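J.: Sharing a structure below in structure tokens format, with a few things to ask.
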Amino acid sequence: MNILFVADVFGPAGSRAVQERLPGLREELGIDFCVVNGENAADGRGITPKLADRFLAAGADVVTLGNHTWARSEILAYLDSSDRVIRPANLGAGLPGRGLAVAPAADGTPVAVVNLMGWLFLDVPVTPFQMLDELVEEARRRAAVVVVDFHAEATSEKIAVSRILDGRVTAVIGTHTHVQTSDARVQPGGTAAITDAGMTGPHDSVIGVQADLAIRRMRTGMPVRFQPATGDVRIEGVVVECDADGRATSCQALRVSVA
Ligand code: FE2
């Protein structure tokens, strides 16, 4: 089975790239299952129901989120009703949505997707380590193929989680930092991993934001309203190949120039 993970979709440019290019990319790469991280899709922060629906229509089987999950209030009810758009499981109990989805691949094989957020340098009420084992065991009871989107800031935490889960899941894909790392690999236990899958969006930017605005805020410390950039749009992500038992056999970073 070939699994495509599309890295953090940023703003209108990234959203457009997914809608226009994902169907062709699925075809071209022989993709059986696709996960899209959409947490920066709506102008750089959060996602709207309309964008989530468009990503699903373009070929995403599951959409994952991250630290900007609550940025758009209209997504709250949607998260409660959707079984394909998920948010980090460790955002706290009693909140809308869930952190685990199971959806069929092209041939009907169930694939579980787990979304968790890192603890270092990010505000999470529950550390991923407190719930990771239980969540992954639940995913494994429901599917042999399990993909984990670990949305985190620190490379050390991302590598630690990929080590903890080696041999227990198909892939641990790091997201959030928007710069693709050159460590796509299959670990000894058969779990594919990459520290960060990159960004689907405008790379002529400061991780998606118009560079002059990000720089002005950094230089002055004054509040500056960020705008998504538009130039050098790429689709970035990872392609993981795995066997029916869920063991990964290859893990390749993907970078496609769109405009
Ligand atoms: Fe993020």
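Position in the sequence shown (first residue = 1) + 336 = the working numbering. C-beta: ideal position from N, C-alpha, C; glycine also. The model shown is predicted, which means the values in this text are computed figures rather than measured ones.
If we ignore side chains and look at the alpha-carbon of each, how far apart do Glu577 and Leu358 end up?
T.: About 18 Å.
J.: Going by the CB atoms, is the gap between Ile383 and Thr506 shorter than 9 Å?
T.: In this structure, Ile383 does not lie closer than 9 Å to Thr506 by Cβ.
J.: Strictly closer than 5 Å from CB to any heavy atom of the ligand FE2: give me those residues in the order they appear in the chain.
T.: Cβ-based neighbours of the ligand FE2 within the cut-off: Gly402, Asn403, His512.
J.: Indicate the three-state DSSP secondary structure (helix, strand or coil) for Leu458 in the structure shown.
T.: If DSSP states are grouped into helix, strand and coil, Leu458 belongs with coil.
J.: Leaving aside the five residues before and after Arg390 along the sequence, list all residues of the same chain whose C-beta is less than 6 Å from its C-beta, in chain order.
T.: Only Gln355 meet the Cβ criterion.
J.: State buried or exposed for Met337, treating a residue as buried only when at least 16 other CB atoms are found within 10 Å of its CB.
T.: Buried.
J.: Go to Ala425, then tell me how far its beta strand (DSSP E) extends in each direction, as first and last residue.
T.: That residue, Ala425, is in no beta strand (DSSP E); it is neither H nor E in DSSP.
J.: Check each candidate in Ala479, Arg434, Ser417, Val460 and name the one with the smallest Cα separation from Pro446.
T.: Comparing Cα-Cα distances from Pro446 to each of Ala479, Arg434, Ser417, Val460, the minimum goes to Ala479.
J.: State yes or no: is the C-beta of Ala490 within less than 9 Å of the C-beta of Val508?
T.: Against a cut-off of 9 Å, the Cβ pair of Val508 and Ala490 comes out as no contact.
J.: Would Val342 and Cys370 be called neighbours here (beta carbons separated by less than 9 Å)?
T.: Going by C-beta atoms, Val342 is nearer than 9 Å to Cys370.
J.: Under 9 Å, do Ala533 and Ala547 count as touching if we go by C-beta distance?
T.: It is not a contact, given that the beta carbons lie outside the stated cut-off.
J.: Taking only the alpha-carbon atoms, compute the straight-line gap between Leu361 and Arg570 and give it to the nearest angstrom.
T.: For Leu361 and Arg570, the distance between alpha carbons rounds to 13 Å.
J.: Provide the residue(s) that pair with Met453 in DSSP beta bridges, ordered along the chain.
T.: His487, per the DSSP bridge assignment.
J.: Would you mind listing the beta strand (DSSP E) stretches within the region 531-590 that are 3+ residues and don't spill past its ends, in chain order?
T.: Fully enclosed beta strand (DSSP E) runs of 3 or longer: 569-578.
J.: Ala393 and Val372: beta carbons closer than 9 Å?
T.: No, the Cβ-Cβ distance between Ala393 and Val372 is not below 9 Å.
J.: Cα-Cα, which of Ala584, Ser593, Asp368 is closest to Asp443?
T.: That would be Asp368, whose Cα lies nearest to the Cα of Asp443.
J.: So, are the CB atoms of Leu471 and Val450 less than 9 Å apart?
T.: Against a cut-off of 9 Å, the Cβ pair of Val450 and Leu471 comes out as a contact.
J.: Cutting at 6 Å between CB atoms, please list the residues of its own chain near Ala388, excluding the five before and the five after it.
T.: Cβ neighbours of Ala388 beyond the five flanking positions: Val399, Val421.
J.: May I ask you to report which of helix, strand or coil DSSP gives Ser417?
T.: If DSSP states are grouped into helix, strand and coil, Ser417 belongs with the helices.
J.: Do the CB positions of Leu590 and Leu365 come within less than 9 Å of each other?
T.: Yes. Within cutoff.
J.: List the whole-angstrom C-beta distance separating Val484 from Thr585, where the pair is believed to meet the contact cut-off of C-beta under 8 Å.
T.: Incorrect: roughly 18 Å between the Cβ atoms, too far for contact.
J.: Helix, strand or coil for Leu340, going by three-state DSSP, please let me know.
T.: Reduced to three states, the DSSP call for Leu340 is strand.
J.: Give a yes or no on whether the C-beta atoms belonging to Ala488 and Gly454 are separated by under 9 Å.
T.: Yes, the pair counts as a contact, with Cβ atoms nearer than the cut-off.
J.: Please classify Thr384: does DSSP put it in a helix, a strand, or coil?
T.: Reduced to three states, the DSSP call for Thr384 is coil.
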